[in-house]
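Before any comments, here is the structure.
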Amino acid sequence: MADIDLTPSAAARVAAIATKQGKPAILRLSVEGGGCSGFQYRFGLAEAVEPEDMAVERDGVTLVVDDVSIDLVRGSAVDFVSDLGGQAFKVTNPNATAGCGCGTSFSV
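The sequence shown begins at 1 in UniProt numbering and counts up by one.
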């Protein structure tokens with residue numbers, strides 16, 4: 001099993017955002033303390049892959065996770081979903097024991 005996966009839908013969305021902003025197609029996922037369940041996901045475009053990053057590529061887009069956060073998201077998939085609540089990146093995390101209604105916070 002890969003450490004983490006980026007779905008085709010998420011890769012396409014990152015590529016579109018990066019092109020619009022004139023930045024490299026590198027999505028950084030990090031985990032921070034906080035949120036209603038203990039940890040929260042943070043997404044942002046990165047300028048480069050850092051030496052300590054774990055990186056995966058799909059369709060010309062790179063997903064990077066720092067060496068501390070990877071232990072909390074190992075085995076996860078990053079997707080981009082559109083539903084009645086709007087559009088957002090979503091992490092399907094097999095390590096999470098609880099989540100919240102907003103989908104951006106979890107506990108392990």
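Note that the Cβ used here is the ideal one computed from N, Cα and C, for glycine as well.
Note that the coordinates shown come from a computational prediction; the quantities given were computed from them, not determined experimentally.
* Quick one: what does DSSP say Thr-62 is sitting in, helix, strand or coil? -> Counted from its first residue, the sequence shown places residue 62 at position 62. In the structure shown, Thr-62 adopts extended strand secondary structure according to DSSP, grouped into three states.
* **Distance, Asp-71 Cα to Met-1 Cα** => As a first step, residue 1 is located in the sequence shown; it is residue number 1 there, counting from the start. As a first step, residue 71 is located in the sequence shown; it is residue number 71 there, counting from the start. Confidence is the limiting factor: at Met-1 the pLDDT is only 48, short of 50, which leaves the residue's position unreliable and the question unanswerable from this model.
* Asked: Buried or exposed: where does Ala-48 fall if 16 or more other Cβ atoms within 10 Å of its Cβ makes it buried?
  -> Sequence index remark: in the sequence shown, residue 48 carries index 48 (1-based). Exposed, since its Cβ has fewer than 16 Cβ neighbours within 10 Å.
* Pair every Cβ in the segment 3-14 with every Cβ in the segment 51-71, then say whether three or more of these pairs are closer than 8 Å. => Yes, since at least three Cβ pairs between the segment 3-14 and the segment 51-71 fall closer than 8 Å, the two stretches touch.
* Among all the DSSP beta bridges, which residues are the ones paired with Lys-90? -> The residue labelled residue 90 in the question sits at position 90 within the sequence shown. Partner residues in the beta bridge of Lys-90, as assigned by DSSP, are Asp-79.
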